[in-house]
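**Student:**
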Amino acid sequence: MAIDSSVVNGKLAIDGGAPAKTTPNIPMYPGGLSIGEEEKKLVMEVLDNKYLFRYYGPADCPSKVRELEVQWAEKMGVKYALAVNSCTSALISSLTALGVGPGSEVIVPGYTFFASCASIVGAKAIPIIAEVDKSLTLDPADVEKKITDRTKAIIAVHMRGVPCKMDELMAISKKYNVPILEDVAQACGGSYKGKRLGSFGDCNAYSLQYHKIITSGEGGIVTTNDELLYDRAQAYHDTAACWRPDRFGLPRYEGEVFPGVNFRMSELHGAVALAQLGKLDNLLAQMRHNKARIKSQITGIDGIEFRELNDADGDTAISLVLFLPDEATTRKFAPALKAEGVEAGCIFDKGVPDWHIYAHWKMIIDKVTATPEGCPYTCSYYKGPVPTYSPDMNPNTLNILGKTIHMDIPAQITDQDCDMIATAIHKVAKAYL
Ligand SMILES: Cc1ncc(COP(=O)(O)O)c(C=O)c1O
Numbered sequence: 084m085a086i087d088s089s090v091v092n093g094k095l096a097i098d099g100g101a102p103a104k105t106t107p108n109i110p111m112y113p114g115g116l117s118i119g120e121e122e123k124k125l126v127m128e129v130l131d132n133k134y135l136f137r138y139y140g141p142a143d144c145p146s147k148v149r150e151l152e153v154q155w156a157e158k159m160g161v162k163y164a165l166a167v168n169s170c171t172s173a174l175i176s177s178l179t180a181l182g183v184g185p186g187s188e189v190i191v192p193g194y195t196f197f198a199s200c201a202s203i204v205g206a207k208a209i210p211i212i213a214e215v216d217k218s219l220t221l222d223p224a225d226v227e228k229k230i231t232d233r234t235k236a237i238i239a240v241h242m243r244g245v246p247c248k249m250d251e252l253m254a255i256s257k258k259y260n261v262p263i264l265e266d267v268a269q270a271c272g273g274s275y276k277g278k279r280l281g282s283f284g285d286c287n288a289y290s291l292q293y294h295k296i297i298t299s300g301e302g303g304i305v306t307t308n309d310e311l312l313y314d315r316a317q318a319y320h321d322t323a324a325c326w327r328p329d330r331f332g333l334p335r336y337e338g339e340v341f342p343g344v345n346f347r348m349s350e351l352h353g354a355v356a357l358a359q360l361g362k363l364d365n366l367l368a369q370m371r372h373n374k375a376r377i378k379s380q381i382t383g384i385d386g387i388e389f390r391e392l393n394d395a396d397g398d399t400a401i402s403l404v405l406f407l408p409d410e411a412t413t414r415k416f417a418p419a420l421k422a423e424g425v426e427a428g429c430i431f432d433k434g435v436p437d438w439h440i441y442a443h444w445k446m447i448i449d450k451v452t453a454t455p456e457g458c459p460y461t462c463s464y465y466k467g468p469v470p471t472y473s474p475d476m477n478p479n480t481l482n483i484l485g486k487t488i489h490m491d492i493p494a495q496i497t498d499q500d501c502d503m504i505a506t507a508i509h510k511v512a513k514a515y516l
């Protein structure tokens, strides 16, 4: 499609001109907006059978949660999947399974949803916050600099749908014998060099919260290829494995069973998630089509650089990220695009709180804890110098995010929407770059 030059040359909407995009915006709930008969059918089976708990009900029924786990493991190419009630629960269960606890450090990127970092504190360990690079995922060189003999895990967050540099991170994991925990909350179904995300790490955590690619409202999944890690995550998420079929069986390995919490998934959530899993590949195909259509029309604009994708084929295509020459231009560009009818935003603004950027994680920076004793920061098992966190501790991350424009790519937008978004980007670029 050729870009309409009369629109591009028109007066900017922010200055009172006509907007380039005139169609309504579609919110970013790819799975949520696709909810239909498939979800209703499975939910109705749960209700008709009055079988709301995976381990029992009035009559024997196959568990939807169990079926979800079986199909999830198969789709993602792993041996074990464990359904839980959120990604935060999946992260904490995974960290606990990995043996992270008092005295441990865990490396996490400075650009991720706060939950990735809070889960470390939840597992009683100390977060070590690392830089991201121009893929907006962990910078492997900075990770390596931050490894100590206390590092017990690296959380590799596939941020905004893009795979981390898995080759480099796996090499670091091997070199220092530190496990990787993939946080796949924002990249369900994505891949790296042909392998699905969530199949590289020792343990991996997915989200099924409503804003994610597929959803059950709330929900999460742990995946692993290691039986002991699966058993430990299972035990932790199920108050010491107390409801699994061999609930009174003796531990089969040392460290297999210990008191835990209840992060179990309900059958209602399992039913919705199971139907959604069947839609995952179609949703990815739609978002990839949309993103490719927009990108092909804005390639080569002077002053616009695309985000590095680490593996373009594995990108889930949930977002389009553009780097502009400097912060001042970025601050003008995003509102101008918004005025053109495109849901775009700057990523980092010091004055605007955002749970995704470490500089705004006040509760980590100030080492706020649930009780006055201040664990994990004051824990006597911790033998390192307690980190000093500050908003400017990861300058590369802030520098990159300060020049970044972000747009969601909903699965449900049309080709016409994509063309109008591309036209709007040309129009604002012509005025400001
Ligand atoms: C990268 C990342 N990790 C973890 C989470 C936490 O997911 P949940 O809300 O399912 O606990 C989110 C949710 O937004 C996320 O984006």
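So the sequence shown is numbered by the working numbering: it starts at 84 and just counts up by one.
The beta-carbon is built from N, C-alpha and C at its ideal position, and this holds for glycine as well.
Any heavy atom of ligand 1 within a distance shorter than 6 Å of the CB on D394?
**Tutor:** In the sequence shown, the residue the question calls residue 394 occupies position 311. No, the beta carbon of D394 sits no closer than 6 Å to any heavy atom of ligand 1.
**Student:** Alpha carbon to alpha carbon, what distance is there between G160 and P141?
**Tutor:** Taking the first residue of the sequence shown as 1, we reach residue 141 at position 58. Taking the first residue of the sequence shown as 1, we reach residue 160 at position 77. Near 34 Å, if we compare the C-alpha coordinates of G160 and P141.
**Student:** Does any heavy atom of ligand 1 sit closer than 6 Å to the C-beta of Q269?
**Tutor:** Here residue 269 refers to the residue found at position 186 when the sequence shown is read from its first residue. Flag set: Cβ of Q269 near ligand 1.
**Student:** Could you tell me the distance, in whole angstroms, from the CA atom of A254 to the CA atom of L291?
**Tutor:** Position 171 of the sequence shown, counting from 1, holds the residue named residue 254. Position 208 of the sequence shown, counting from 1, holds the residue named residue 291. Rounded to the nearest angstrom, the two C-alpha atoms are 29 Å apart.
**Student:** If you draw a straight line from the C-alpha of H294 to the C-alpha of T452, how long is it?
**Tutor:** Against the sequence shown, residue 294 aligns to sequence position 211. Against the sequence shown, residue 452 aligns to sequence position 369. Their Cα atoms are separated by approximately 28 Å.
**Student:** With Y319 as the anchor, note down where its alpha helix (DSSP H) starts and where it stops.
**Tutor:** Counted from its first residue, the sequence shown places residue 319 at position 236. That run of the alpha helix (DSSP H) goes E310 to H320.
**Student:** Is the Cβ-Cβ distance between L151 and A173 less than 7 Å?
**Tutor:** To locate residue 151, count along the sequence shown from 1; it is residue 68. To locate residue 173, count along the sequence shown from 1; it is residue 90. The answer is no: Cβ separation not under 7 Å.
**Student:** In chain order, what residues of the same chain have a beta carbon less than 7 Å from the beta carbon of D225, not counting five sequence neighbours either side?
**Tutor:** Your numbering for residue 225 matches position 142 in the sequence shown. The answer, listed in chain order, is A213 and E214.
**Student:** Please say whether G302 and Q269 have beta carbons closer to each other than 7 Å?
**Tutor:** Taking the sequence shown and counting its residues from 1, one reaches residue 269 at position 186. Taking the sequence shown and counting its residues from 1, one reaches residue 302 at position 219. In this structure, G302 does not lie closer than 7 Å to Q269 by Cβ.
**Student:** Exposed or buried, what is F331 when buried is set at 16 or more other beta-carbons lying within 10 Å of its beta-carbon?
**Tutor:** Counted from its first residue, the sequence shown places residue 331 at position 248. So F331 ends up on the exposed side.
**Student:** Note down, one range per segment and in chain order, each beta strand (DSSP E) of at least 3 residues found wholly within the region 118-188.
**Tutor:** Counting whole runs of 3 or more residues, the region 118-188 contains the beta strand (DSSP E) stretches 163-167.
**Student:** Is any non-hydrogen atom of ligand 1 found closer than 6 Å to the C-beta of G303, if you look at the structure I gave you?
**Tutor:** Locating residue 303 in the sequence shown gives position 220, where the first residue counts as 1. At least one heavy atom of ligand 1 is nearer than 6 Å to the Cβ of G303, so yes.
**Student:** Can you check the region 369-454 for any alpha helix (DSSP H) of at least 4 residues that lies completely inside it and give the ranges in chain order?
**Tutor:** Here the runs fully enclosed are 410-422 and 445-448.
**Student:** Have a look at G277, F283 and G273 and flag the residue whose alpha-carbon is nearest the alpha-carbon of L264.
**Tutor:** Taking the first residue of the sequence shown as 1, we reach residue 264 at position 181. Measuring from the Cα of L264, the nearest candidate turns out to be F283.
**Student:** I believe E188 touches T231 by the beta-carbon criterion, under 8 Å. Please report the beta-carbon distance rounded to the nearest angstrom.
**Tutor:** Looking up residue 188 in the sequence shown gives position 105. Looking up residue 231 in the sequence shown gives position 148. E188 to T231, Cβ: 6 Å. Contact.
**Student:** For T382 and A505, I'd like the C-alpha separation in whole angstroms.
**Tutor:** By 1-based counting over the sequence shown, the position of residue 382 is 299. By 1-based counting over the sequence shown, the position of residue 505 is 422. Between T382 and A505, the C-alpha separation is close to 10 Å.
**Student:** Confirm the yes/no value for this check: CB of Q359, any heavy atom of ligand 1, distance under 6 Å.
**Tutor:** By one-based count along the sequence shown, residue 359 stands at place 276. Not under cutoff, so the answer is no.
**Student:** Please report the distance separating the alpha-carbon of S169 from that of Y460.
**Tutor:** As a position in the sequence shown, residue 169 is number 86, starting the count at 1. As a position in the sequence shown, residue 460 is number 377, starting the count at 1. Rounded to the nearest angstrom, the two C-alpha atoms are 26 Å apart.
**Student:** What number of angstroms, rounded off, separates the C-alpha of A417 from the C-alpha of D432?
**Tutor:** Here residue 417 is taken as the residue at index 334 of the sequence shown, counted from 1. Here residue 432 is taken as the residue at index 349 of the sequence shown, counted from 1. Distance between the alpha carbons of A417 and D432 is about 12 Å.
**Student:** In the DSSP assignment, what residue or residues form a beta bridge with P210?
**Tutor:** In the sequence shown, counting from the first residue as 1, residue 210 sits at position 127. DSSP output for P210 lists V189 as bridge partner(s).
**Student:** For I448 and F196, what's the separation of their Cα atoms in angstroms?
**Tutor:** By 1-based counting over the sequence shown, the position of residue 448 is 365. By 1-based counting over the sequence shown, the position of residue 196 is 113. Using only the alpha carbons, I get a separation of about 15 Å.
**Student:** Mapping the DSSP letters down to three states, classify L264 as helix, strand or coil.
**Tutor:** Working through the sequence shown from its first residue, we reach residue 264 at position 181. Three-state DSSP puts L264 in a strand.
**Student:** Who are the near neighbours of T471 in its chain, counting only those whose CB is closer than 7 Å to its CB and skipping five residues on each side?
**Tutor:** For the purposes of this step, residue 471 is taken as the residue at position 388 of the sequence shown. Same-chain partners within the cutoff: there are none.
**Student:** Would the beta-carbon of D222 be found less than 6 Å away from any heavy atom of ligand 1?
**Tutor:** In the sequence shown, the residue the question calls residue 222 occupies position 139. No, the beta carbon of D222 sits no closer than 6 Å to any heavy atom of ligand 1.
**Student:** Going by CA-CA distance only, name the one from V425, V267, V183 and D222 that's closest to A206.
**Tutor:** Counted from its first residue, the sequence shown places residue 206 at position 123. Checked all of V425, V267, V183 and D222; the closest Cα to A206 is V183.
**Student:** By how many angstroms is the C-alpha of R390 removed from the C-alpha of H439?
**Tutor:** For this step, residue 439 is matched to residue 356 along the sequence shown. For this step, residue 390 is matched to residue 307 along the sequence shown. The alpha-carbon atoms of H439 and R390 are separated by roughly 17 Å.
**Student:** Which term fits M446, buried or exposed, when burial requires 16 or more other beta carbons within 10 angstroms of its beta carbon?
**Tutor:** As a position in the sequence shown, residue 446 is number 363, starting the count at 1. Flag for M446 reads exposed.
**Student:** Three Cβ pairs or more, each shorter than 8 Å: is that satisfied between the region 389-405 and the region 235-249?
**Tutor:** Judged by Cβ distances under 8 Å, the region 389-405 makes contact with the region 235-249, as three or more pairs qualify.
**Student:** Return yes when at least one heavy atom of ligand 1 lies under 6 Å from the C-beta of W218, else no.
**Tutor:** Here residue 218 refers to the residue found at position 135 when the sequence shown is read from its first residue. For the record, residue 218 in the displayed sequence is Ser; it is not Trp. S218: no, Cβ never under 6 Å from ligand 1.
**Student:** Give me the residue from N287, H241, C271 and R233 with the minimum Cα distance to P468.
**Tutor:** Mapped onto the sequence shown, residue 468 falls at position 385. When only C-alpha atoms are compared, the closest one is R233.
**Student:** Tell me whether S88, by its Cβ, gets closer than 6 Å to a heavy atom of ligand 1.
**Tutor:** On the sequence shown, residue 88 is found 5 positions in, with the first residue counted as 1. Answer for S88: no, Cβ out of range of ligand 1.
**Student:** Per DSSP, which residues does H489 bridge with? Please list them.
**Tutor:** The residue labelled residue 489 in the question sits at position 406 within the sequence shown. In the DSSP output, where bridge partners are listed per residue, H489 has V404 and G428.
**Student:** Just verifying my parser: in three-state terms, what is the DSSP assignment at V511?
**Tutor:** As a working note, residue 511 is residue 428 in the sequence shown. Of the three classes helix, strand and coil, the one that applies to V511 here is helix, per DSSP.
**Student:** What do you get for D385, buried or exposed, if any count of 16 or more other CB atoms within 10 angstroms of its CB means buried?
**Tutor:** Taking the first residue of the sequence shown as 1, we reach residue 385 at position 302. With fewer than 16 Cβ atoms within 10 Å of its Cβ, D385 is classed as exposed.
**Student:** When the Cα of R414 is compared with those of L351, S146 and L484, which residue comes out closest?
**Tutor:** Indexing the sequence shown from 1 puts residue 414 at position 331. Measuring from the Cα of R414, the nearest candidate turns out to be L484.
**Student:** Among the candidates L360, L311 and G338, whose CA atom is the shortest distance from the CA of I297?
**Tutor:** Here residue 297 refers to the residue found at position 214 when the sequence shown is read from its first residue. With distances taken between Cα atoms, I297 lies closest to L360.
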